[in-house]
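Okay, structure first, notes after.
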Amino acid sequence: MQEAFTAHYLNDAIRQFRQLKELAERALAQISDDEIFTALDEEANSIAVLMKHVAGSMRARWTGFPSVSDEASSRNRDSEFAIDEGDTKRALIEHWEAAWQCLFDAIEPLTAEDLAKPVLIRGRSLSVIEAINRQLIHYAYHVGQIVFLAKHLRSSTWQSLSIPRGKSAEFSTAARQRREV
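When we follow the numbering used here, the leftmost residue of the sequence shown carries the number 735, and every step to the right adds one.
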């Protein structure tokens, strides 16, 4: 029974991470190369900065996970919040892809025995399950920001990533019809 629960949990966590990645990428696909660097004000993060931060977090958390789990001493978190000369949309997407691959490479081989192991995150001992959930929440927070900014930048030309406004009944009817087939 525990083995089935573990497999279900890991499969769902991986599915949720993949959905977050896809959601962010569908939002990114709607903005121009220049808009990725647009911030709403001096204190706000651009989509580029959010991508750099999420990717930096992923590399730090998932490289060597679960045996190596605390933040890598080589991580320069503050640099993730600055745009550098080489930061193009293409370069950021390549960095983003590599970071997501690092996450999936760390989580996909985990076993039931791994889930209870202790890991150190920012000096705090957590179980592998707690560490996964912590990062899932962290990435969802930032993906929400990416979607918000992309939607703001696209305004009236935004293509909904879920159920468009005023289309809930139509969506529900279509979903019922698909289940009946």
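Beta carbons are placed, not taken as given, at the ideal position from N, Cα and C, and that holds for glycine.
Range covered by the alpha helix (DSSP H) that runs through residue i
i, result
"V877", "V862 to R888"
"E914", "S902 to E914"
"A794", "I781 to W796"
"A825", "K823 to I841"
"D818", "Segment: none, D818 is in no alpha helix (DSSP H) and carries neither H nor E."
"A846", "A846 to L849"
Limits of the beta strand (DSSP E) - the one that residue i falls within
i, result
"I855", "P852 to I855"
Those residues which DSSP pairs with residue i across a bridge
i, result
"R858", "I855"
Expected contact under 8 Å - CB spacing of residue i and residue j to nearest Å
i, j, result
"A758", "W796", "A758 to W796, Cβ: 17 Å. No contact."
"T772", "L887", "6 Å"
"L744", "L870", "Not a contact, Cβ separation roughly 12 Å."
"E787", "E814", "Looking at the sequence itself, residue 787 is His, so the reference to Glu does not match. Right, their Cβ atoms sit about 4 Å apart."
"I770", "A782", "5 Å"
"I866", "L784", "Not quite, the Cβ-Cβ distance comes to about 21 Å (not below 8 Å), so this is no contact."
"W933", "K901", "Residue 933 lies beyond the stretch modelled for the chain, which goes from 735 to 915, so this question has no answer here."
is_contact[residue i, chain E] using C-beta, thresh 8 Å
i, result
"K901", "Absent from the structure: chain E. Only one protein chain is present."
Inter-stretch contact (C-beta, 8 Å, three-pair minimum) for the stretch 805 to 822 and the stretch 896 to 907: no
Validate contact between the stretch 751 to 770 and the stretch 881 to 897 using beta carbons, cut 8 Å, 3 pairs: yes
At least three beta-carbon pairs within less than 8 Å, the stretch 869 to 884 to the stretch 745 to 753: yes
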